[in-house]
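The letter at position 100 of the sequence shown is residue 119 when you use the working numbering, and the numbering goes up by one with no holes. In what follows, a single structure is set out as structure tokens and then discussed.
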Amino acid sequence: MCSPFTRVASELIVAFLRRLMNSQPFADEDQAQIVRLFKVLLIALIPINIIHALFNIGSLSVFIVSCILIIIEIFLLVVIQRGYMRLSAWFFCMLLWIAVTIIVSRSGGLNSPGQIVFVIILVLATTLLGLQAAMIFGGLFLLTTAALYIAEVTGLTPEQLIVSREEVALNTVLFVIGLTASLIVLAYQTRRSLERARQREQELAQRNQQLQLEILQREQAQRTSQRMVAILEATTDFVGIIDVWGHQDYLNHAIRERIKPRTDQSFMFDIYPDWVMNILLNKAIPVAIAEGVWTGETAFLDRDDTEVPVSQVVIAHKNEQGNLEYISTIMRDLTETRRTEKERLELALQKERVDVLQQLIGDMSHDLKTPLTAINSSLYLLERQPDPEKRREKITNIREHVQRLDNIIQDLLTLSRLDQGARTTFMPVDLAELLTEAETKMRPLADRKKIQFTIDSQSDLTAIFGSANDLLRIMLNLIENALHYTPEEGRVSVRLYENLASLIFEVSDTGVGIAAEDIPFIFDRFFRAANAQALLLGGSGLGLAIVKKIVQLHSGTIEVESTPHKGSLFRVSLPLRPPIVTPS
Numbered sequence: 020m021c022s023p024f025t026r027v028a029s030e031l032i033v034a035f036l037r038r039l040m041n042s043q044p045f046a047d048e049d050q051a052q053i054v055r056l057f058k059v060l061l062i063a064l065i066p067i068n069i070i071h072a073l074f075n076i077g078s079l080s081v082f083i084v085s086c087i088l089i090i091i092e093i094f095l096l097v098v099i100q101r102g103y104m105r106l107s108a109w110f111f112c113m114l115l116w117i118a119v120t121i122i123v124s125r126s127g128g129l130n131s132p133g134q135i136v137f138v139i140i141l142v143l144a145t146t147l148l149g150l151q152a153a154m155i156f157g158g159l160f161l162l163t164t165a166a167l168y169i170a171e172v173t174g175l176t177p178e179q180l181i182v183s184r185e186e187v188a189l190n191t192v193l194f195v196i197g198l199t200a201s202l203i204v205l206a207y208q209t210r211r212s213l214e215r216a217r218q219r220e221q222e223l224a225q226r227n228q229q230l231q232l233e234i235l236q237r238e239q240a241q242r243t244s245q246r247m248v249a250i251l252e253a254t255t256d257f258v259g260i261i262d263v264w265g266h267q268d269y270l271n272h273a274i275r276e277r278i279k280p281r282t283d284q285s286f287m288f289d290i291y292p293d294w295v296m297n298i299l300l301n302k303a304i305p306v307a308i309a310e311g312v313w314t315g316e317t318a319f320l321d322r323d324d325t326e327v328p329v330s331q332v333v334i335a336h337k338n339e340q341g342n343l344e345y346i347s348t349i350m351r352d353l354t355e356t357r358r359t360e361k362e363r364l365e366l367a368l369q370k371e372r373v374d375v376l377q378q379l380i381g382d383m384s385h386d387l388k389t390p391l392t393a394i395n396s397s398l399y400l401l402e403r404q405p406d407p408e409k410r411r412e413k414i415t416n417i418r419e420h421v422q423r424l425d426n427i428i429q430d431l432l433t434l435s436r437l438d439q440g441a442r443t444t445f446m447p448v449d450l451a452e453l454l455t456e457a458e459t460k461m462r463p464l465a466d467r468k469k470i471q472f473t474i475d476s477q478s479d480l481t482a483i484f485g486s487a488n489d490l491l492r493i494m495l496n497l498i499e500n501a502l503h504y505t506p507e508e509g510r511v512s513v514r515l516y517e518n519l520a521s522l523i524f525e526v527s528d529t530g531v532g533i534a535a536e537d538i539p540f541i542f543d544r545f546f547r548a549a550n551a552q553a554l555l556l557g558g559s560g561l562g563l564a565i566v567k568k569i570v571q572l573h574s575g576t577i578e579v580e581s582t583p584h585k586g587s588l589f590r591v592s593l594p595l596r597p598p599i600v601t602p603s
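Okay, structure coming up:
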């Protein structure tokens, strides 16, 4: 059992030794290990010198030297703790050489066992201070050996200075212990250095392998990047990359060949027309940032500042944090596609015109043959009819059929003019006056069928801009249709009034009406509803098609309300403002 005092003392000693062994922070681990080695040697030498001093109390000079060595060793430990390791090592090795030289000269010269300490000094100098110190102390060792040899040969060594056998044995034991401790420490240090060297070699090998892998990956990425660039440069599509500020990072060969050369790095704001920039800034880029991609049709300006129609894709690229890094765009020229579509449309229109012409020939052949047959028959009978009254009747019949042929021809000419988009000059037109003219022309037909024909027109109507002949044609066609399809003693009402910013022209009748399934088609050319065909009225089938064309030319609208066997209502709305006149 240890006493409390012994335990506390041992703990203090251990704490002191641990603190003493905490070397200064060196960047090099080997240098830190050397400092620890030096401390271990000093700490090991202190008890050895203490023992040596105790055994040589009778010899005052040896005792004093041992005490001085102990003081020097403690002083060196303090100096090392302050960070002056190299200076301490020089001082220690030099003092150790001086002390050993004195001891060896007094303990047998060349025969002294202390000679081995010179080897320890040389090893310590090499370990602590490097090759230069090893050469210096090696030279000192040779000089000391030579001096001892000369002294022994010439008899300069006093016989009385040779120590006793017991002292030689004690010195030998102490030297062996010191040498053993030094060798153990050096062996440990060497093993640690080899382990660290192997560890560093492994780390370097791993790092080298990692670097080789990174180099291979970079080379592979570089090859892939070069291939991608080659593909982008070879493609006929237009590819560009811009940064978050709208400056170009990359343009492929296809687009560089089509746009003007530029000295600045602007991409978006140079090659696009204003209307495309509006789409990109307000729609395409915001949608791409929110959803990742935007697709649409735009255009860019080529070298001649001509707009090139393109199908464009805008893609927003973001980093791992979701922040926008850059924007890429891919554009495909639609010029050839548009030209092909235009040709296909023209072919379709041409085919439609041929179909319409064939339909016209087929439909009009009957309409033309009927009056021509009636005219020929009337002429044949007229030549053989002696009765004046019947001759006048035949002449009247011929006149009516000629008028019918004229109406058909006029309808064809009017529709042809409207289809060709001939430009029409608009002038202020008083619809009330046109309605009076239409009433004058249609009143005989209404009287002949005993139809109640009424006109309701406001007196202060605003004049509109339009074509007087075309607007009169609307009134005549709608009124004539109403009179034709209304039975005798029926009713046809015409209204003309102003409503907000429009003039309204309405024609209502109590005629046969139109079936609901026929209403969507009544404005088609040559279309006749089933109830209209049953009446066998001679018409071209173009009247309502002409009406709709004229209404559209005047930026107006036409509406139809009808009930079979009860009547129909046609309502034409014409704007009071001057319409924008363009070819149809």
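Glycine residues also receive a C-beta, built at the ideal position from the N, C-alpha and C atoms.
Between which residues of its own chain and Trp109 is the CB-CB distance below 7 Å, once the five residues before and five after are set aside?
Only Leu148 meet the Cβ criterion.
How about His266: is its C-beta nearer than 9 Å to some C-beta of chain C?
Among the chains in the structure shown there is no chain C, since it carries only a single protein chain.
Taking the runs of the alpha helix (DSSP H) that are 4 residues or longer, which of them lie wholly in the stretch 292-369?
The stretch 292-369 contains these whole alpha helix (DSSP H) runs: 293-298 and 304-310.
For His524, which residues from the same chain have a beta carbon less than 6 Å from its beta carbon, with the 5 sequence-adjacent residues on both sides left out?
Here the sequence assigns Phe to residue 524, which means His is not the residue at that position. Taken in chain order, the residues that qualify are Leu515 and Val591.
Whole angstroms is fine: what's the gap from Lys337's alpha carbon to Val263's?
Rounded to the nearest angstrom, the two C-alpha atoms are 11 Å apart.
Out of curiosity, what's the CA-to-CA distance linking Glu238 and Leu270?
Going from the Cα of Glu238 to the Cα of Leu270 covers about 24 Å.
State the DSSP-derived secondary structure class of Phe524, mapped to helix, strand or coil.
Three-state result, Phe524: strand.
Beta carbon of Glu316, beta carbon of Pro328: below 9 Å?
Cβ distance < 9 Å, so Glu316 and Pro328 count as in contact.
Buried or exposed for Ile18, going by 16 or more other Cβ atoms inside 10 Å?
Past the edges of the chain, shown from 20 to 603, lies residue 18, and the structure says nothing about it.
Around the C-beta of Thr359, are 16 or more other C-beta atoms found within 10 angstroms, so that it is buried, or is it exposed?
Looking at its Cβ environment, which holds fewer than 16 other Cβ atoms inside 10 Å, Thr359 is exposed.
Can you tell me where the alpha helix (DSSP H) holding Glu458 begins and where it ends?
First-last of the alpha helix (DSSP H) with Glu458: Leu450 to Arg467.
Give the straight-line distance between the Cα atoms of Thr348 and Gly311, rounded to the nearest whole angstrom.
Their Cα atoms are separated by approximately 12 Å.
Is Gly485 helix, strand or coil by DSSP?
Gly485 falls in the strand class under three-state DSSP.
When the distance is taken between beta carbons, is Lys460 closer than 9 Å to Thr505?
No, Cβ-Cβ distance for Thr505 and Lys460 is not below 9 Å.
Which residue from Val421, Ile169, Leu167 and Val138 puts its Cα closest to that of Phe156?
Checking every option, the nearest Cα to that of Phe156 belongs to Val138.
Could you check if Leu159 is buried or exposed, using at least 16 other CB atoms within 10 Å of its CB as the buried criterion?
Buried.
Give me whichever residues DSSP pairs with Asp475 in a beta bridge.
Asp475 pairs with Arg514.
Quick one: is Lys585 buried, meaning 16 or more other Cβ sit within 10 Å of its Cβ, or exposed?
Exposed, since its Cβ has fewer than 16 Cβ neighbours within 10 Å.
Rank Tyr345, Ala335, Ala307 and Thr354 by C-alpha distance to the C-alpha of Phe319 and give the top, closest one.
Nearest option by C-alpha distance: Thr354.
Taking the straight line between their C-alpha atoms, what separation do you get for Val142 and Thr173?
For Val142 and Thr173, the distance between alpha carbons rounds to 31 Å.
Taking the straight line between their C-alpha atoms, what separation do you get for Asp466 and Arg363?
Rounded to whole angstroms, Asp466 to Arg363 spans 53 Å at the Cα level.
Nearest to Asn68 by CA position, among Leu106, Tyr168 and Leu115, is which residue?
The residue with the shortest Cα to Cα distance from Asn68 is Leu115.
Give the DSSP-derived three-state secondary structure of Ile274 in the structure shown.
Three-state DSSP puts Ile274 in a helix.
Let me know if Gln331 comes out buried or exposed under the rule of 16 or more other beta-carbons within 10 Å of its beta-carbon.
Gln331 comes out buried.
For Leu588, report the span of its beta strand (DSSP E) as first-last.
Where Leu588 is concerned, the enclosing beta strand (DSSP E) stretches over Gly586 to Pro594.
Does DSSP put Ile76 in a helix, a strand or coil?
Looking at Ile76 - three-state DSSP - the assignment turns out to be coil, as it is neither helix nor strand.
Phe257: which of Val333, Val84 and Asn488 sits nearest, CA to CA?
Per the Cα distances, Val333.
CA-CA distance, Tyr291 and Gln236?
Rounded to whole angstroms, Tyr291 to Gln236 spans 39 Å at the Cα level.
Based on DSSP bridge pairs, tell me the residues matched to Ala262.
Residue 262 is actually Asp in this sequence, not Ala. According to DSSP, Asp262 bridges with Tyr345.
Expressed to the nearest angstrom, what Euclidean distance is found between the alpha-carbon atoms of Ile577 and Ile493?
Distance between the alpha carbons of Ile577 and Ile493: 11 Å.
Taking the DSSP output, what are the residues bridged to Phe257?
Answer is Met350.
In whole angstroms, give me the CA-to-CA distance for Leu480 and Ala451.
Approximately 7 Å, taken between the alpha carbons.
Thinking just about the alpha-carbon of each residue, which of Asn500, Phe484 and Glu580 is nearest to the one in Leu572?
Of Asn500, Phe484 and Glu580, the residue nearest in Cα terms is Phe484.
What does DSSP give as the partner residue(s) for Thr582 in the beta ladder?
Bridge partners of Thr582: Gly586.
How big is the Cα-Cα spacing for Glu517 and Ala564?
Going by the C-alpha atoms only, they are around 25 Å apart.
Identify whether Asp268 lies in helix, strand or coil by the three-state DSSP scheme.
Strand.
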